[in-house]
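**Q**
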Amino acid sequence: MSDKSNKQEQSIRVENLVKQFGKGESLVEVIKGASFTIYKGELVALIAPSGAGKTTLLMMIGCVLEPTSGQIYIGEEKVYDNRWLTQNTRSIRREKIGFIFQAHYLIPFLNVIENITLLPQTNGISKEDSEASARKILNYFDIEEKAYAMPSELSGGQNQRVAIARALANKPDIILADEPTAALDMDRSINVVKMLKQIAAEQNVAVIMVTHDERMLKYCDRVMKVENKKVVFQEFEKEGG
Ligand SMILES: Nc1ncnc2c1ncn2[C@@H]1O[C@H](COP(=O)(O)OP(=O)(O)OP(=O)(O)O)[C@@H](O)[C@H]1O
Ligand SMILES: [Mg+2]
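Mapping of the sequence shown onto the working numbering: residues 1491 to 1731, in sequence order.
#1: Can you give the Cα-Cα distance for R1678 and A1655, rounded to whole angstroms?
#2: Please enumerate, following chain order, all residues with a beta carbon closer than 5 Å to at least one heavy atom belonging to ligand 1.
#3: Between which two residues does the alpha helix (DSSP H) harbouring A1696 extend?
#4: Which of the three DSSP states is assigned to I1615 in this structure?
#5: Is the distance from the Cβ of V1518 to the Cβ of G1560 below 8 Å?
#6: Identify whether T1579 lies in helix, strand or coil by the three-state DSSP scheme.
#7: Candidates E1499, N1605, G1647: which alpha carbon is nearest I1528's?
#8: Given the structure, does D1668 come close to ligand 2, in the sense that its CB is under 7 Å from one of the ligand's heavy atoms?
#9: From this set, I1633, K1522, Q1650, C1553, which residue's C-alpha is nearest Q1577's C-alpha?
#10: Buried or exposed for F1589, going by 16 or more other Cβ atoms inside 10 Å?
#11: Note down, one range per segment and in chain order, each alpha helix (DSSP H) of at least 4 residues found wholly within the stretch 1512-1545.
#12: Quick check on this structure: which residue in E1704, N1660, I1521, I1502 has the alpha carbon closest to the alpha carbon of F1511?
#13: DSSP on M1685, reduced to helix/strand/coil?
#14: Drop a sphere of 10 angstroms on the beta-carbon of M1714, count the other beta-carbons inside from all chains shown, and report buried for 16 or more, exposed for fewer.
#15: Could you tell me whether the Cβ atoms of S1642 and P1598 are closer together than 8 Å?
#16: Contact check, F1501 vs D1711 under 8 Å by CB: the rounded distance?
#17: I'd like to know if Q1561 contacts chain C, where contact means its C-beta is closer than 8 Å to some C-beta of that chain.
#18: In this structure, how does DSSP classify Q1693 when only helix, strand and coil are distinguished?
#19: Three-state secondary structure (DSSP) at M1640?
#20: With burial defined as no fewer than 16 other Cβ atoms inside 10 Å of the residue's Cβ, what is the status of G1514: buried or exposed?
What follows is the structure, given as structure tokens:
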């Protein structure tokens, strides 16, 4: 819903963001002055043709890729103003952002629960506490019985749910998902998107999800698009009107 605006708390704000790759003859400008705000609790789809800059945008918001210029706020904190304002973008990523990638990147030689608890334990949470909360999340995703399975023993859909569970384990403020449903069939895709929607609403997390599948849009709160190297929000038909 776009009209509960004054109650909404900003989760991500981007002003005049520019990203160029290369220089001189080979300079490519991918994003040219993007400005937008994403609020806590919303699931936002990000769509655009291949090569339009969706992953580039996600990686800048995720403090993985340095922009060329502009401003980025994570929550109320300004983290980028023509340069990173912190020495340590890694700690922002670790503390505030959960990533879900298409290729899920579960660590193949760690079992499910080890994959999920790795980052929380790196951040100083005890083994007992991180495992207890991992179990809760696995239970929520209906895969508790897979806690000790290896990634290779899971189906594509189960793998994807573990990847989402892992992104959640660190209690991020923001979840950035790059085509999380690309490898899944229609039913499982809808499931994953509904799950992300529920997480956004229940945990007051902002979720940005890249998708090429128009059928997923109706489950999202807003749809944004990279168009003419800028970001625009698009009208769309939402489920249930
Ligand atoms: N490290 C890089 N060096 C040079 N150009 C790059 C780099 N990363 C991305 N690009 C270029 O930036 C543009 C946007 O790429 P990006 O990966 O963001 O597209 P995308 O919208 O995610 O596409 P897809 O839907 O295929 O994943 C492309 O033209 C790509 O070639
Ligand atoms: Mg991409």
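Glycine included, every Cβ here is placed at the ideal spot set by N, Cα and C.
**A** The answer reads as follows:
#1: What you label residue 1678 is simply residue 188 of the sequence shown in a count that begins at 1. What you label residue 1655 is simply residue 165 of the sequence shown in a count that begins at 1. So the two alpha carbons sit approximately 15 Å from each other.
#2: F1511, V1520, S1540, G1541, A1542, G1543, K1544, T1545, T1546
#3: Along the sequence shown, one-based indexing puts residue 1696 at 206. No alpha helix (DSSP H) contains A1696, which is instead part of the beta strand (DSSP E) from 1696-1700.
#4: Within the sequence shown, numbered from 1, the residue matching residue 1615 stands at position 125. Coil at I1615, not helix or strand.
#5: Along the sequence shown, one-based indexing puts residue 1518 at 28. Along the sequence shown, one-based indexing puts residue 1560 at 70. No, these two residues do not count as a Cβ contact at 8 Å.
#6: Counted from its first residue, the sequence shown places residue 1579 at position 89. Three-state result, T1579: helix.
#7: Numbered from its first residue, the sequence shown carries residue 1528 at position 38. For the residues E1499, N1605, G1647, the minimum Cα distance to I1528 belongs to E1499.
#8: Along the sequence shown, one-based indexing puts residue 1668 at 178. For ligand 2, at least one heavy atom lies less than 7 Å from the Cβ of D1668.
#9: The residue given as residue 1577 occupies position 87 in the sequence shown. With distances taken between Cα atoms, Q1577 lies closest to C1553.
#10: Taking the sequence shown and counting its residues from 1, one reaches residue 1589 at position 99. The residue in question, F1589, is buried, as its Cβ has 16 or more Cβ neighbours within 10 Å.
#11: none
#12: Here residue 1511 corresponds to residue number 21 of the sequence shown, with the count starting at 1. Ranking E1704, N1660, I1521, I1502 by Cα distance to F1511 puts I1521 first.
#13: Here residue 1685 refers to the residue found at position 195 when the sequence shown is read from its first residue. Three-state result, M1685: helix.
#14: Residue 1714 sits at position 224 when you count from the first residue of the sequence shown. Counting Cβ neighbours within 10 Å, M1714 comes out buried, since at least 16 surround it.
#15: Taking the sequence shown and counting its residues from 1, one reaches residue 1642 at position 152. Taking the sequence shown and counting its residues from 1, one reaches residue 1598 at position 108. Against a cut-off of 8 Å, the Cβ pair of P1598 and S1642 comes out as a contact.
#16: For the purposes of this step, residue 1501 is taken as residue 11 along the sequence shown, with counting starting at 1. For the purposes of this step, residue 1711 is taken as residue 221 along the sequence shown, with counting starting at 1. The residue you asked about is not Phe; residue 1501 is Ser in the sequence shown. Rounded, the Cβ-Cβ distance is 12 Å, inconsistent with contact.
#17: This model lacks chain C altogether, as it is built from one protein chain only.
#18: In the sequence shown, residue 1693 corresponds to position 203, counting from 1. Q1693: helix per DSSP, three-state reduction.
#19: Stepping through the sequence shown from its first residue, residue 1640 is reached at position 150. The answer is coil: DSSP assigns M1640 none of H, G, I, E or B.
#20: Here the question's residue 1514 lines up with position 24 in the sequence shown. Label assigned to G1514: exposed.
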